[in-house]
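Okay, so here's the structure we're looking at.
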Ligand SMILES: [Zn+2]
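Numbering (the numbering used here), first residue to last: 3 to 210.
Below, the structure written as structure tokens:
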């Protein structure tokens with residue numbers, strides 16, 4: 003498979019998602035024939051992007067980006083925490099479905115981040131593992147002297163930014179795809195009130 007133009011592909015897909023988000027913000031959803039689409043998709047899937055986002059019921063990627071069946075390969079964990087199976091799911095999208103774009107989409111008022119900020123030492127079943135993974139970002143955020151919701155948002159931003167580095171370090175498949183320009187990456191944050199997705203950082207390959 004030629005990788006020619008892959009860098010532009012990821013950018014193109016991101017613009018498509020941003021357009022979808024603009025529709026969502028305005029409450030103008032694209033009409034689709036889901037029955038036809040469902041039938042077509044029985045032949046296979048060819049999603050255009052992989053999205054890592056929170057399990058929070060208010061932030062489903064497909065609705066926020068106004069996409070449909072077959073468009074997005076979505077991995078959701080509370081607080082976007084990474085573990086072998088969630089990384090493996092993203093790797094599958096990159097290595098086998100050849101998505102040209104990976105979106106890390108966090109959100110405001112994240113409960114998992116709030117817990118890591120308020121109770122970094124909490125011990126409650128497997129929830130502990132979630133909080134522990136966000137705790138370093140919470141500690142970093144605390145060092146800025148912020149408090150209240152500003153502290154939670156700072157911790158969220160720190161955590162989201164750390165995920166790119168963590169994915170590059172923990173996943174050879176994703177790291178190589180990024181380095182070789184086969185994959186673009188956007189780190190973004192969803193605003194609960196406006197419905198808008200803001201870019202925190204973006205890595206687009208300029209090769210074409
Ligand atoms: Zn959340």
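Think of the CB as a built atom: it goes at the ideal place given N, C-alpha and C, for glycine as much as any other residue.
Please read all numbers here as calculations on a predicted model, not as lab measurements.
Exposure of residue i, with buried meaning 16 or more beta-carbon neighbours within 10 Å
i: residue 67; result: buried
i: residue 167; result: exposed
i: residue 17; result: exposed
Sub-8 Å separation of residue i and residue j beta-carbons
i: residue 118; j: residue 140; result: yes
i: residue 176; j: residue 165; result: no
i: residue 71; j: residue 15; result: no
i: residue 12; j: residue 185; result: yes
i: residue 202; j: residue 163; result: yes
i: residue 84; j: residue 56; result: no
i: residue 36; j: residue 51; result: no
Simplified DSSP assignment, three categories, for residue i
i: residue 59; result: coil
i: residue 83; result: coil
i: residue 74; result: strand
i: residue 6; result: Here the model assigns residue 6 a pLDDT of 44, short of 50, so the residue's position is not dependable, and the following value carries that caveat. Looking at residue 6 - three-state DSSP - the assignment turns out to be coil, as it is neither helix nor strand.
i: residue 187; result: strand
Residue i, enclosing beta strand (DSSP E) - first and last residue
i: residue 37; result: Looking at the DSSP string, residue 37 is not in any beta strand (DSSP E); the run it does join, the alpha helix (DSSP H), is 36-42.
i: residue 201; result: 199-205
i: residue 101; result: Run containing residue 101: none; DSSP gives neither H nor E here.
Nearest residue (CA-CA) to residue i, options the options
i: residue 95; options: 49, 44 and 25; result: 49
The alpha helix (DSSP H) enclosing residue i, as first and last residue numbers
i: residue 144; result: 129-144
i: residue 150; result: 150-172
i: residue 113; result: 113-120
Within-8 Å CB hit, residue i to chain B
i: residue 156; result: Among the chains of the structure shown, chain B does not appear; only one protein chain is present.
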